[in-house]
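Start counting at 1 in the sequence shown, then tack on 20, and there's your number in this note's numbering.
For each residue, glycine too, the CB sits at the ideal point set by N, CA and C.
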Amino acid sequence: MTTPESGAPGDGPNAAVPVKGASDGARPPRSGRWADLPAVLSFVVLGFWVTGRLWLEPGSGVRDNRSDQSQFEWMMAHGARVVTHFAYPFHSDRMNVPDGVNLMANTSVLSISLPMTPVTVLLGPRAAFLLFLTGGMIATAIAWYFLLSRVLIGARGPAWLGAGFCAFAPAMVSHANAHPNIVSQFVVPLIIWRTLRLGDQGRWLRNGVLLALVIVWQAFLNLEILLMTAIGLGVIVGALALGRRDLRSRARPFLAGLAVAAGLAGLLLAYPLYVQFFGPGAYSGLSQLIRGYSSDLASFVAYSRESLAGSQRTAANLAKNPTEENSFFGWSLVVLVVALIWWLRRSVVVLGLAALGLLFAVLSLGREIRFDGRGTGVPGPWAALENLPILHSVVPTRWALAITPIIGLLLAYGAERARELADGQPAARWQIRFATATLLTMALLPILPTPLPVVRLDPVPTFVTSGAWRPYVTGGRSVVTLPLPDTNYAEPLRWSAVTRLDMPLARGYFLGPDTRPSAEQPRIALFSAPPRPTSSFFGTIRRTGAVPPISPQSRVKAVDDLRYWRAGVVILGPHEYEGALRRGMTELTGIQPVFTGGVWVWDVRPLTD
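Next up, the structure:
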């Protein structure tokens, strides 16, 4: 008797290999509470290997994505503020004064930031961010390991192989560049496990409730990953329903449990999702530019810059930035995966995984297929889907990220099939094992992860850490930083996070609606608030180092903007174009700044009162 939890390669209708499942005795080959320790320790070592430079250099940050690190440090501080100040979790007025930020429409990671409040309060937001990043990768590997070794396969070696790939594949290491919410996929194996348990007789209510709870957990971690998981599970469950007649008797409890999970998760998420899509600061899809981020067809056989065989040269022109190298697998692994699918083609699960991987790969190509950095003029299927509700907020290249766990599962199934083949043929056992090890080494050695590159960050100014800004923000005023924060300059978010968000900021780095009459589409997402004359003025200085011409009208608009932001003080910290920024602000306001606590300070309260 087999179960829906079965996932062994031989589970096709004419399978030659016995299927192992949780309910029919699937278990690791060795017993003992310490048997899993080597696997767990290896994942810990890999996690710290990837992020090690950040731990060893306390004043460092992620070199290739400083802005997102600042944003996530701010988000960790927000979670702590929810716990310590009973702040409203789904919207914040501590950034983008006076409008605030819709945090449900951004990466608020409440399911992590709330329980990590003690770390954030005691050790600071940087430590919380770093623990989130490193611990998320390790926890992802451990979760996949136990799913594979206890539920899907029942063997530790293949489970270790598959889990290690799921957590430390090139796409995951790419997102380790300050995307802890994406590398923390440890809830996904729990969702898979609880979904497979829905078919248990007599437990539909309990199993439905448990599935709903892990769905809600993932929803407050990353909705994009939840969407991909739901699609993937739908395809695999459908393949099992079509290919495994013995499972159809479990359809009734499965559907009943699924209805409970959908109903309870919908109830628990109804209000947060309402805030996300209809609350203040909600937006309607991403811009055409961001929705154009797609996977290059040539990238699937290229090597990521954070892989052992990769470099900036191998990834050049094939990805939009170092954090979105979702489809870099390399020639050797692609050949191995194709061979595995052919070898295990009698398994309906393997065929389902292959179809799912192909679907995600095609969707990731975006609205126009690109090859080697150039457009081909051939439209991709995504062109017909990108404007649909929900999908208009998906970055197409992220679909390729979902291929990583699919390959991890295929590697685990292939290794288990090879192990069974070796055990069944004692005379050729060592030859089979040697061939297996050789093939895996050839495919996986080139994509082993390298440590993330780091950069030295400027210390948070004493003016911020000492609280010298506090007298300036009484009465609901804000702090205006030069340059004003956005996607290219998010250091002020890191400063605010150090104050536990006591220091409110004008503007910021977040996704919010474009409310300008000239917007390409109504309320489409911008990476910051809609530009104002003064923010554009200082944005020009930040990019060029040149001060634009200043007219009397410019001065009037500057005062209007400062009043709009409820500015109490303007501060300028260390910056490449510090001199130009200082001159621009002084000429706009006519106020001479004072240098104190590591920053230039303009007291603008006389202008804004």
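Segment contact flag, the segment 377–386 with the segment 209–223, C-beta cutoff 8 Å, min 3 pairs
Counting Cβ pairs under 8 Å, fewer than three are found: no touch.
Is the CB-CB distance between T8 and G67 below 8 Å?
A query on residue 8 cannot be resolved here, the shown segment of the chain reaching from 21 to 629 and no further.
Can you tell me the Cα-Cα spacing of R439 and H595, whole angstroms?
58 Å
Inspect the CB distances between the segment 561–570 and the segment 596–608 and report whether three or more fall short of 8 Å.
yes
Which partner residues of A161 appear in the DSSP bridge assignment?
None, per the DSSP bridge assignment.
Closest to T505 by C-alpha separation, out of A403, R552, R449, R536, would be which residue?
The question names Thr, but residue 505 is Pro in the sequence shown. Measuring from the Cα of P505, the nearest candidate turns out to be R552.
From what residue to what residue does the beta strand (DSSP E) around F349 run?
F349 -> no beta strand (DSSP E), and no H or E assigned at all.
Which class does A187 belong to by DSSP, given the choice of helix, strand or coil?
helix
In three-state DSSP terms, what is G397?
strand
Taking the beta strand (DSSP E) that P446 belongs to, which residues open and close that run?
P446 -> no beta strand (DSSP E), and no H or E assigned at all.
Closest to Y231 by C-alpha separation, out of I570, M157, G528, F274, would be which residue?
Looking at the sequence provided, one finds Leu at residue 231 rather than Tyr. Cα-wise, what sits closest to L231 is F274.
Under the three-state DSSP convention, the category V614 falls into
strand
Given a cut-off of 8 Å, decide if T609 and W622 are closer than it, judged by their beta-carbon atoms.
In terms of Cβ geometry, W622 and T609 form a close pair [threshold 8 Å].
If you drop the 5 nearest sequence neighbours on each side, which residues of the same chain put their C-beta closer than 7 Å to that of G639?
As displayed, the chain neither begins before 21 nor continues past 629, which places residue 639 out of reach and without an answer.
With DSSP run on the structure shown, which of helix, strand or coil describes D522?
Three-state DSSP puts D522 in coil, outside helix and strand.
Is the beta carbon of P473 closer than 8 Å to that of D84?
yes
Roughly how many whole angstroms lie between the Cα atoms of P145 and H105?
16 Å
What is the DSSP secondary structure of N508, reduced to helix, strand or coil?
coil
Let me make sure I understand the geometry here. Which of I423, V518, S204 has the alpha-carbon closest to that of A239?
Of the candidates I423, V518, S204, the one whose C-alpha sits nearest the C-alpha of A239 is S204.
I'd like to know whether the C-beta atoms of L260 and L267 end up nearer to each other than 8 Å.
Taking C-beta atoms as the reference points, L260 and L267 count as a pair closer than 8 Å.
Applying the 10 Å Cβ sphere with the 16-neighbour rule, what's the burial state of A339?
buried
Proximity test, Cβ basis, 8 Å: R449 and chain C
Looking for chain C here will not work: only one protein chain is present.
Taking C-alpha atoms, which residue in P568, V60, G305, S314 lies nearest to G395?
S314
Segment limits, alpha helix (DSSP H) that includes W620:
Per DSSP, W620 belongs to no alpha helix (DSSP H); it is in the beta strand (DSSP E), 619–623.
Counting pairs of Cβ atoms below 8 Å between the segment 513–532 and the segment 88–100, do you hit three or more?
yes
Could you round the C-beta distance between Y162 and F63 to whole angstroms and report it? I think they count as a contact, below 8 Å.
It is Ile, not Tyr, that sits at residue 162 in the sequence shown. The pair is a contact, with the Cβ atoms about 6 Å apart (cut-off 8 Å).
Bridge-paired residues (DSSP) for S112
V121
In the structure shown, what three-state DSSP assignment does I173 receive?
coil
Have a look at V358 and P469 and give me their C-alpha separation to the nearest angstrom.
Here the alpha carbon of V358 sits roughly 23 Å from the alpha carbon of P469.
Would you identify the three-state DSSP class for G155, choosing helix, strand or coil?
helix
Tell me the residue span of the beta strand (DSSP E) that contains A545.
545–547
Three-state class that DSSP yields for A587 in the structure shown:
strand
On a Cα-Cα basis, can you pick out the residue from G312, Q332, A510, G372 that is closest to I389?
G312
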